[in-house]
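Chains as they are written, first to last, in this note's numbering: chain S, 46 to 500; chain E, 46 to 500. No residue lacks a Cβ here, since even glycine has one placed at the ideal position from N, Cα and C. Take a look at the structure set out below.
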């Protein structure tokens with residue numbers, strides 16, 4: 046019997062991307078005669094919904110990351126490869142990874158999205174986005190460093206610019222960042238400085254549409270605005286950013302332009318699909334939407350290639366109500382599980398009805414004790430919503446140790462308002478304990494040195 | 046009364062360095078008429094004895110770091126400055142920090158040590174040392190990446206070189222690193238790979254003297270050797286490293302040279318004092334020892350300058366038994382407290398007897414369940430020593446949240462042998478979720494790409 050099974054060639058599934066979509070597909074593909082290869086360019090799955098907590102000093106990168114190999118170590122039919130896929134050959138059924146060719150019977154592409162500056166790519170230097178662990182550490186460095194620079198600055202106007210934080214984009218990430226920075230300034234660090242009063246910090250949240258959290262119901266947007274204002278965030282809706290340069294953000298509101306002096310600008314405004322989407326669309330002759338997402342068939346496959354699936358943030362799926370599904374974790378997770386089922390059913394000669402997203406609701410956290418939850422049949426805000434947000438996020442953190450420890454850290458943070466991970470680290474700082482060659486101890490932010498400003 | 050106190054100019058103490066010496070001095074200098082300024086080029090105190098756990102994926106940087114501002118936030122007489130001190134003027138009583146001048150009545154210099162390659166500075170690229178958080182993350186990246194490279198490598202000899210780890214230096218750090226790498230290979234990751242068997246990993250610990258842990262009693266060195274061998278570490282004593290180049294370590298044993306093919310080489314062999322020591326010796330006309338440490342007076346002051354103290358790893362204090370005190374945390378802590386007392390006593394017109402180090406013993410951890418402890422009056426090894434080591438380190442972790450969480454993580458790690466922080470991160474990896482320009486997803490280790498090796 047055993048021999049018979051092993052003689053039958055097993056079905057090779059290659060998954061590109063270990064985010065929510067790819068990982069849930071891999072976890073759902075346990076079967077004796079399926080061999081799974083998961084390729085990612087990082088060795089860990091990142092729990093992106095909590096990345097803003099790394100950027101604002103509450104959690105460490107390892108708290109929101111799980112090594113892919115350990116998540117999948119018990120699945121003996123699954124192999125993890127660390128590598129970068131740039132293209133595929135849909136006819137030869139090959140994936141090209143760092144000069145190697147990997148063949149597949151079925152391919153699942155789930156490489157997600159990165160932030161987009163709507164063509165103004167030079168804004169990235171001044172206004173970093175939040176997609177990777179490195180992004181989060183860079184944001185953390187800039188936020189903490191801004192307070193240090195303000196503490197040294199004697200010119201009051203310049204000090205104000207260091208204590209002004211602009212968050213571009215009023216979606217969940219922007220709301221979460223803005224809330225967390227005010228907490229950091231008004232509570233966590235309020236005793237820490239001698240020259241500045243951190244309660245003078247200004248946090249501006251800019252949104253192009255007429256309300257923050259546009260995917261939510263209007264009454265929840267209103268509640269969220271009220272909560273953020275109570276925390277101390279200044280919200281400007283109907284506001285477009287027209288220029289970002291070092292120290293100055295130019296915005297347009299009712300066709301009037303204003304300049305905001307702010308040393309720290311954080312980007313939470315737009316995303317575009319990973320470039321593998323475009324490569325796949327080209328070689329399969331499919332279409333992409335304007336954000337670079339591959340327009341998929343009702344079963345999430347690529348038109349004309351039933352053995353290539355595109356899921357998660359990389360897919361444009363509009364078969365439900367005409368609008369593409371949002372780029373959120375639950376969509377990716379459900380699509381990963383659906384595609385795994387399709388593959389298993391096909392091997393049994395069966396088919397599945399088209400993919401259908403079960404929207405269980407949206408939630409966003411505003412700050413300690415406040416969140417907004419929209420479950421469709423019920424909407425709620427405030428402390429209960431915050432507790433609900435907390436439980437949902439803990440539940441979905443994949444590895445048990447992460448869940449336990451993050452929960453304890455949150456509990457600790459909740460009662461003490463401390464933020465343990467307020468470290469300024471990075472390559473810009475010395476590897477060894479001294480830098481003899483450099484005149485300054487850190488790379489100047491945006492080309493302007495703090496020493497120069499304060500002298 | 047209040048007015049009388051504030052009219053009296055307060056005594057200005059400047060401390061350079063927020064390590065164990067500087068921080069304990071600052072914490073002991075609470076007094077109404079002392080103003081303390083603590084200068085460090087990092088914004089956090091680093092608990093260096095546990096840094097090897099960051100390098101081997103058990104703890105996160107924030108677990109072994111405490112923001113200096115929060116440690117000192119309750120001390121209203123203490124100011125923290127983020128800056129780099131390169132020199133002082135002992136006559137004008139000035140410290141030069143990034144172009145600024147800061148005046149002092151009393152100066153405490155505690156800038157510690159960095160690793161030393163005995164003049165072979167080009168070995169650093171190939172064999173990184175472990176002094177900073179960035180060093181630890183780089184070591185972690187190299188260790189985890191070596192297993193990934195081995196998994197991809199098909200040439201058996203090259204694969205063996207990826208699975209060979211050489212630790213240079215048999216002091217506590219070397220012993221701790223070697224023990225932790227074997228645990229990582231033989232336990233934590235044993236289910237994680239499909240092509241390699243991580244139990245084939247070779248960990249070599251090289252020591253120039255005739256036994257490892259030379260500061261300990263010989264019987265404890267023997268016990269430690271036995272424990273390490275049980276873990277799977279190969280120990281070579283009386284072994285000098287004569288050359289390190291990419292992939293090959295040349296060693297000399299009994300005047301015979303051997304070449305070891307190893308892709309990962311970690312340096313735990315020597316330290317030299319921070320360069321501020323030399324600068325101070327020059328301008329005060331004092332002497333340094335060969336390691337660059339300032340030779341201090343019996344009260345830890347610099348000869349001829351009773352208001353300048355040098356403490357911790359930067360100081361050469363040989364007034365106790367002719368041998369300079371070792372560069373360990375307890376020495377620095379006691380010296381910081383002693384100098385704070387001297388300053389306070391002097392302000393009352395009193396003097397203190399010379400500094401005397403109370404050696405409460407040495408301890409080193411070998412691996413899970415094993416450590417060696419030498420308290421002078423009692424020596425013990427094994428599980429009890431490991432528990433003792435654990436309690437001592439938790440006790441000294443400065444902030445309470447760190448203590449609690451690190452303890453829980455250790456507890457978790459102890460029962461599961463999991464290591465949560467096995468992330469490959471760093472600037473070398475993409476900030477955004479894609480690298481379109483680069484052909485490979487990470488910067489090749491030591492100029493040689495894994496893709497090249499495996500193709």
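- With the rule of 3 Cβ pairs closer than 8 Å, the region 162-182 of chain S does not count as touching the region 323-338 of chain S.
- Using a Cβ-Cβ cut-off of 7 Å, residue 107 of chain S is close to 105, 465, 466 and 468 of chain E, given in chain order.
- Residue 148 of chain S and residue 132 of chain S have their C-alpha atoms roughly 12 Å apart.
- Counting C-beta pairs with one atom in each stretch, the region 83-102 of chain E and the region 159-168 of chain E have fewer than three that are closer than 8 Å, which means they do not touch.
- Rounded to the nearest angstrom, the Cβ distance from residue 284 of chain S to residue 251 of chain S is 5 Å, consistent with a contact under 8 Å.
- Distance between residue 226 of chain S and residue 101 of chain S, taken at the CA atoms: about 7 Å.
- A distance below 8 Å between beta-carbons, with the five flanking residues on each side excluded, links residue 145 of chain E to the following residues of its chain, in chain order: 128.
- Taking a C-beta distance under 7 Å as the contact criterion, residue 355 of chain E and residue 154 of chain E qualify as a contact pair.
- The beta-bridge partner set that DSSP reports for residue 160 of chain E consists of E:316.
- With contacts defined by Cβ atoms closer than 7 Å, residue 245 of chain S and residue 209 of chain S do not form a contacting pair.
- Under a criterion of Cβ atoms nearer than 7 Å, the residues of chain E adjacent to residue 127 of chain S are, in order, 193.
- A distance below 7 Å separates the beta carbons of residue 107 of chain S and residue 468 of chain E.
- Residue 125 of chain E has its alpha-carbon roughly 24 Å from the corresponding atom of residue 104 of chain S.
- Bridge pairing for residue 142 of chain E: E:130 and E:145 [DSSP].
- Here residue 224 of chain S is buried. Its C-beta has 16 or more other C-beta atoms within 10 Å.
- Counting only residues of its own chain and dropping the five nearest sequence neighbours on each side, residue 349 of chain S has a CB closer than 8 Å to the CB of 329, 330 and 331.
- Around the beta carbon of residue 249 of chain E, 16 or more other beta carbons lie within 10 angstroms, which makes this residue buried.
- Between the region 68-79 of chain S and the region 64-80 of chain E there are fewer than three C-beta pairs closer than 8 Å, too few to call the two in contact.
- Interface annotation for the region 157-179 of chain E against chain S: 157, 158, 159, 160, 169, 173, 174, 176, 177, 178 and 179, criterion Cβ-Cβ distance under 9 Å.
- Residue state for residue 73 of chain E is assigned as helix, using DSSP reduced to three classes.
- When only Cα atoms are considered, residue 407 of chain E and residue 109 of chain S end up about 36 Å apart.
- Per DSSP, residue 197 of chain E lies in no beta strand (DSSP E) segment; the continuous alpha helix (DSSP H) that holds it begins and ends at 178-197.
- Counting every other CB atom within 10 Å of its CB across the protein chains shown gives residue 421 of chain S a total below 16, marking it as exposed.
- Taking 9 Å as the cut-off between beta carbons, the residues of the region 87-100 of chain S near chain E are 87, 88 and 89, in sequence order.
- Each residue's CA atom was taken as its position, placing residue 159 of chain S and residue 325 of chain E some 50 Å apart.
- Between residue 372 of chain S and the set S:417, S:383 and S:336, the nearest pair of CA atoms involves S:336.
- Residue-level contact check: residue 239 of chain S touches chain E, since one or more beta carbons of chain E fall below 7 Å from its beta carbon.
- Cβ neighbours of residue 150 of chain E within its own chain (closer than 8 Å, five residues either side excluded): 56, 57, 58, 138 and 352.
- Residue state for residue 419 of chain S is assigned as strand, using DSSP reduced to three classes.
- With fewer than 16 other CB atoms across the displayed protein chains lying within 10 angstroms of its CB, residue 199 of chain E is exposed.
- Bounds of the alpha helix (DSSP H) holding residue 264 of chain E are 263-276.
- Taking 7 Å as the threshold, the shortest C-beta distance from residue 110 of chain E to chain S falls below it.
- Between residue 304 of chain S and residue 295 of chain S a beta carbon distance of about 5 Å is seen, short of the 8 Å cut, so the two are scored as contacting.
- Within the region 283-313 of chain S, contact with chain E at the beta-carbon level (separation under 9 Å) is assigned to no residue.
- When the beta-carbon positions are compared, residue 156 of chain E and residue 278 of chain E stay at least 7 Å from each other.
- At a cut-off of 7 Å between beta carbons, residue 114 of chain E contacts chain S.
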